[in-house]
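Peer 1: With this note's numbering, the residue at position 174 of the sequence shown is 158, and numbering never jumps.
I'd like to ask you about the structure that follows.
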Amino acid sequence: MHSLVVADASGTPHPKPDVVVTEAHGEFIFMDQGDGRESPLTSSVRAGFHRTRAEITRFRPLGVRRAIRSEPGSSSGARSRRAVRGSVTEVRSRLAAVRYRAQGMTRAAVALTREQATEGARVGDTADDGLRLAIALDGTGWHPASWRVPGARARELLTAGYWVDVVREAAEGLVDLVTIEDSLGLQADGRRDPGERTDRVRGRLDAVLVASRVAPLVPHVGLVPTAVTTHTEPFHLSKAIATLDYVSAGRAGVQVQVSGREDEAELVGRRPVLPVADLFEEAADWVEVVRRLWDSWEDDAEIRDAATGRFVDRDKLHYIDFHGRFFSVRGPSITPRPPQGQPVVAALAPADVAFELVGRCADLGFVTPRTTSDIPGILAPIRAAQETAGRAAEPLPVLGDVLVVLADDARAAADRLARLDELAGEPLHSDALVFAGAPVELADLLIEWRRAGLAGARLRPATIADDLPAITRQLVPELQRRGAYRTAHPSPASWSATLRGRLGADRPANRYATAGGAR
C-alpha cells in the first residue's frame, strides 16, 4: 500500500488537517486557511486520501519540512520511510508518482483552490500554442465492425475497467482531452436509421457517469462527455457536469449535441422533432442556462464555520431567473461553483447553423474539413459569430475531426480498412475525413491543418484496439520528434492542468459576484 505522511520538524500530531497542496516562497508546502475554514476543494482532497488509506499524521499550518512516503509492500506497522527533499519540481513529481499509483486516489489531492486558480490565470499560466489533440471515444471504435477485431474487448464494453483502460491509454499519449459519445437512442447508421441491425454495437453507458467513474483513476486528461440538449433539462446536466469538475479536479467539459431523430423524440414522448434551426437555438439557450447555474454560487459562498454553525452565506447564492422560449429556470444550482468556474463547453459543427452555435456559445469547437482548403471557409463563419456575440477576445480553439485507420504504410492501412468494410458488409460512411495511412503521414496532415488555422485535431480511432495505441505510441512521438507537440503533461499543481488552462482560457469571473446582483 502507498501512504503519504506529512511531518513537521517538531512531530506535532494533527489528526485531520485541512490541507491542499500549493507553493509559497519557492517551497512545496501543505497549508490550511488558518481560520478554521476549509478551502473549496478540501473535501475532495480528504476524500481522495481516505480512499487510499493515506495518512496525514503530522502537520504544521505554515509549512511542511518533510514529505515522507512508505515503500510499496511495507506493512502498516513497520513502514520503510524515506524523506523526499529538493526543489518544488522534484518534490511535486515524486508526490505525484505516489499519488497516481494509489488505487482510487483523486487528483484533487493536489488541486488548486479557487483562489490559486485565479492567481494562475492572472500570471498567464496557460497552455502553449502548440498543436492540440483530442480523442473521440465511441464504444470499440468508430468503424461499425470495430467490435469484431482481435483485442476489441467487446464483452467488457459495459464495464468501468474497459473505459478506465481506454482513457488511460489516451492520457499516456499526452492528449488534451477525450470526448465520450452518447445518445438517447440506440446507435444508428444515419439520422433516420432506427438501429435495427444486429451486427452493430447496440447499447451504451451514460457518458457523464462514465467520465465521473474514470476521473479519479486517470489523471491529466480532460474529460468531455456528450450531453443531448434536445430532450434533457439544463438544470440536471449542469449539476452533473459541475460534479464531474469536482471529482476530476478541474478537467471537466461537456459536448453539447442536438437530436433531430424521430425515434429519439418518440422514446422521450414530450414533443415531435423540431426544425433544425430551432434545435440549435434551443441548444444555445441550454448552454446559457447551465452557464448561469454554474455561476449561481459565488466562489466564497461556503463558510463551513462549525463554531458558529454557519455553513453557507445565503446572500452569495443567486437566482438566475432565465425565461426563454424553451426553458424557464429560476435556480440557484444545488452544486457550488465548479473548480474551473465554467467547465468547458464544446460542440461539433458540421454545417452553417452549428458554426453559429460554436462561435456564439462554445469554448471549443470540432469541425469536419475534407481538405485543407476547406478550413478558411469553415473558420470564417465561426469567428464572425464569435465577434457578433461579443466574444472576439476570448480564446476559442477549433479542432478538425478525422477518422483514422493507421498502419505501417498507406497500402497496409487501405487493406485494413477494406477488411473492416468487408466485416461490416458495406463501405464506411463518415461525416469526417477518413484517413487511411501511416502515422508519419497523419502527422504531415495535422501540421498542415495547424498552419491553415486550426488549433489541432480530434482523432476518431476506427478501432480502439489498434488505432488508439497507434495514435499514442507512434503518432505522438512523431509529432514530438518534429517539435510540434508537448513532451509532458502540465504540472498537476498549475492552472494549465485544468481543461480550461490546457485550452489557453482563464478562469472566468462570476457574473453575479461581478454585477453585485441580489438574490
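We put the beta carbon where it would ideally sit given N, CA and C, even for glycine.
With C-beta atoms as the reference, is residue 452 less than 8 Å away from residue 127?
Peer 2: As a position in the sequence shown, residue 452 is number 468, starting the count at 1. As a position in the sequence shown, residue 127 is number 143, starting the count at 1. No, Cβ-Cβ distance for residue 452 and residue 127 is not below 8 Å.
Peer 1: Can you tell me the Cα-Cα spacing of residue 463 and residue 164, whole angstroms?
Peer 2: As a position in the sequence shown, residue 463 is number 479, starting the count at 1. As a position in the sequence shown, residue 164 is number 180, starting the count at 1. Their Cα atoms are separated by approximately 24 Å.
Peer 1: Based on Cα-Cα distance, which residue from 189, 232, 260 lies nearest to residue 245?
Peer 2: The count along the sequence shown starts at 1 and reaches residue 245 at position 261. Of the listed residues, the one whose Cα sits closest to residue 245 is 260.
Peer 1: Touch check for the region 364 to 381 and the region 334 to 349: three-plus C-beta pairs under 8 Å?
Peer 2: Flag = yes, the region 364 to 381 and the region 334 to 349 touch.
Peer 1: Measure the CB-CB distance between residue 419 and residue 412 and report whether it falls below 8 Å.
Peer 2: Counting from one through the sequence shown, the residue named residue 419 turns up at place 435. Counting from one through the sequence shown, the residue named residue 412 turns up at place 428. For residue 419 and residue 412, no; Cβs fall outside 8 Å.
Peer 1: Check each candidate in 417, 115, 138, 297 and name the one with the smallest Cα separation from residue 355.
Peer 2: Taking the first residue of the sequence shown as position 1, residue 355 is located at position 371. Of 417, 115, 138, 297, the residue nearest in Cα terms is 417.
Peer 1: Can you give me the C-alpha to C-alpha distance between residue 385 and residue 226, rounded to a whole angstrom?
Peer 2: Taking the first residue of the sequence shown as 1, we reach residue 385 at position 401. Taking the first residue of the sequence shown as 1, we reach residue 226 at position 242. For residue 385 and residue 226, the distance between alpha carbons rounds to 26 Å.
Peer 1: By the three-class DSSP mapping on this structure, what secondary structure does residue 349 have?
Peer 2: Along the sequence shown, read from residue 1 onward, the residue named residue 349 stands at position 365. If DSSP states are grouped into helix, strand and coil, residue 349 belongs with the strands.
Peer 1: Are the region 455 to 474 and the region 262 to 282 touching by the rule of at least three beta carbon pairs closer than 8 Å?
Peer 2: Touching, no, given that fewer than three Cβ pairs across the two stretches are closer than 8 Å.
Peer 1: Using CA coordinates, which residue listed in 257, 242, 280, 479 is at the minimum distance from residue 267?
Peer 2: The residue labelled residue 267 in the question sits at position 283 within the sequence shown. Of 257, 242, 280, 479, the residue nearest in Cα terms is 242.
Peer 1: Please name the residue, chosen from 116, 117, 115, 147, that lies closest to residue 125 on a Cα-to-Cα basis.
Peer 2: Counting from one through the sequence shown, the residue named residue 125 turns up at place 141. With distances taken between Cα atoms, residue 125 lies closest to 147.
Peer 1: For residue 329 and residue 293, I'd like the C-alpha separation in whole angstroms.
Peer 2: Here residue 329 refers to the residue found at position 345 when the sequence shown is read from its first residue. Here residue 293 refers to the residue found at position 309 when the sequence shown is read from its first residue. Distance between the alpha carbons of residue 329 and residue 293 is about 37 Å.
Peer 1: Is it right to say residue 295 is buried, meaning 16 or more other beta carbons lie within 10 angstroms of its own, or is it exposed?
Peer 2: Along the sequence shown, one-based indexing puts residue 295 at 311. The residue is exposed, with fewer than 16 neighbouring Cβ atoms inside 10 Å.
Peer 1: Which stretch, first to last residue, makes up the alpha helix (DSSP H) that contains residue 153?
Peer 2: Here the question's residue 153 lines up with position 169 in the sequence shown. It spans 144 to 156 - the alpha helix (DSSP H) in which residue 153 sits, taken as one unbroken run.
Peer 1: Can you tell me where the alpha helix (DSSP H) holding residue 274 begins and where it ends?
Peer 2: Residue mapping note: residue 274 aligns to position 290 of the sequence shown, counting from 1. Taken as a continuous stretch (DSSP letters only), the alpha helix (DSSP H) holding residue 274 covers 260 to 278.
Peer 1: Using the Cα positions of residue 362 and residue 437, report the straight-line distance between them to the nearest angstrom.
Peer 2: As a first step, residue 362 must be located in the sequence shown, where it is residue number 378. As a first step, residue 437 must be located in the sequence shown, where it is residue number 453. Cα to Cα, residue 362 sits roughly 10 Å from residue 437.
Peer 1: Compute the distance between the beta-carbons of residue 232 and residue 199, then report whether it is under 8 Å.
Peer 2: Taking the first residue of the sequence shown as position 1, residue 232 is located at position 248. Taking the first residue of the sequence shown as position 1, residue 199 is located at position 215. A contact, by the Cβ cut-off of 8 Å.
Peer 1: Give me the residue from 215, 162, 219, 214 with the minimum Cα distance to residue 194.
Peer 2: Sequence index remark: in the sequence shown, residue 194 carries index 210 (1-based). Nearest option by C-alpha distance: 162.
Peer 1: If contacts are defined as beta-carbon pairs under 8 Å, then residue 160 and residue 207 qualify, I think. What distance do you get, rounded to the angstrom?
Peer 2: For the purposes of this step, residue 160 is taken as residue 176 along the sequence shown, with counting starting at 1. For the purposes of this step, residue 207 is taken as residue 223 along the sequence shown, with counting starting at 1. Not quite, the Cβ-Cβ distance comes to about 11 Å (not below 8 Å), so this is no contact.
Peer 1: Please confirm whether residue 234 and residue 482 have their CB atoms less than 8 Å apart.
Peer 2: Counting from 1 along the sequence shown, the entry for residue 234 is found at position 250. Counting from 1 along the sequence shown, the entry for residue 482 is found at position 498. Yes, the Cβ-Cβ distance between residue 234 and residue 482 is below 8 Å.
Peer 1: Between which residues of its own chain and residue 333 is the CB-CB distance below 6 Å, once the five residues before and five after are set aside?
Peer 2: Position 349 of the sequence shown, counted from the start, is the residue given in the question as residue 333. Closer than 6 Å at Cβ, skipping near neighbours: 339, 342, 349, 351.
Peer 1: Since residue 241 sits in a beta bridge, which residues does DSSP pair it with?
Peer 2: Translated into the one-based positions of the sequence shown, residue 241 becomes position 257. According to DSSP, which records beta bridges pairwise, residue 241 is partnered with 212.
Peer 1: Skipping 5 residues on each side, what residues in its chain have a beta carbon closer than 8 Å to that of residue 409?
Peer 2: As a first step, residue 409 is located in the sequence shown; it is residue number 425 there, counting from the start. Closer than 8 Å at the Cβ level, and outside the excluded window around residue 409, lie 183.
Peer 1: Among 196, 170, 168, which one has its Cα closest to the Cα of residue 145?
Peer 2: Along the sequence shown, read from residue 1 onward, the residue named residue 145 stands at position 161. Nearest of 196, 170, 168 to residue 145, Cα basis: 196.
Peer 1: Do you know whose CA, among 455, 323, 449, lies nearest residue 131's CA?
Peer 2: One-based indexing of the sequence shown puts residue 131 at position 147. Closest option to residue 131, Cα to Cα, is 449.
Peer 1: Would you identify the three-state DSSP class for residue 386, choosing helix, strand or coil?
Peer 2: Taking the sequence shown and counting its residues from 1, the one referred to as residue 386 is at position 402. In this structure, residue 386 counts as strand in the three-state DSSP scheme.
Peer 1: Can you tell me which of the three DSSP states residue 461 falls into?
Peer 2: Position 477 of the sequence shown, counted from the start, is the residue given in the question as residue 461. Residue state, collapsed to three classes: helix.
Peer 1: At which residues does the alpha helix (DSSP H) containing residue 429 begin and terminate?
Peer 2: Here residue 429 is taken as the residue at index 445 of the sequence shown, counted from 1. From DSSP, the alpha helix (DSSP H) with residue 429 extends over 423 to 435.
Peer 1: Cβ of residue 185 within 8 Å of Cβ of residue 114?
Peer 2: For the purposes of this step, residue 185 is taken as the residue at position 201 of the sequence shown. For the purposes of this step, residue 114 is taken as the residue at position 130 of the sequence shown. Contact flag unset, no.
Peer 1: In whole angstroms, give me the CA-to-CA distance for residue 324 and residue 494.
Peer 2: To locate residue 324, count along the sequence shown from 1; it is residue 340. To locate residue 494, count along the sequence shown from 1; it is residue 510. Their backbone Cα atoms lie some 11 Å apart in a straight line.
Peer 1: Could you tell me the distance, in whole angstroms, from the CA atom of residue 415 to the CA atom of residue 331?
Peer 2: Translated into the one-based positions of the sequence shown, residue 415 becomes position 431. Translated into the one-based positions of the sequence shown, residue 331 becomes position 347. In a straight line, the C-alpha of residue 415 is about 15 Å away from that of residue 331.
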